[in-house]
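S.K.: Can you read through this structure? Questions will come right after.
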Amino acid sequence: FMYKKAYGSQLWYCWYFFSRSCPAKLRINNAGKVTECIGRHNHDPPTCWMTPDGKSYSLPPLPERST
């Protein structure tokens, strides 16, 4: 994966944030590792997320982990 430094520790929203008001978010560090999963999906877990600059980004499904 190629991650831009600007993405570090920013919140990535679930792609269904707008269409289904899904509350799930990810926090990703500069190394591209998911450091935190916030909230739960209110639909089938997606593989697509919205980066802080509004692009779509596909990630492999993450193991379910609540915070």
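Quick note: the sequence shown uses full-length UniProt numbering, first residue 1, plus one each step. Think of the CB as a built atom: it goes at the ideal place given N, C-alpha and C, for glycine as much as any other residue.
(1) Could you tell me the boundaries of the beta strand (DSSP E) in which S58 lies?
(2) Just how far apart, CA to CA, sit N30 and I38?
(3) From the DSSP output, in three-state form, read off K25 for me.
(4) By DSSP, does T35 sit in helix, in strand, or in coil?
(5) Going by CA-CA distance only, name the one from L11, W12, F17, Q10 that's closest to H43.
M.R.: On the basis of the supplied data:
(1) 56-58
(2) 18 Å
(3) strand
(4) strand
(5) F17
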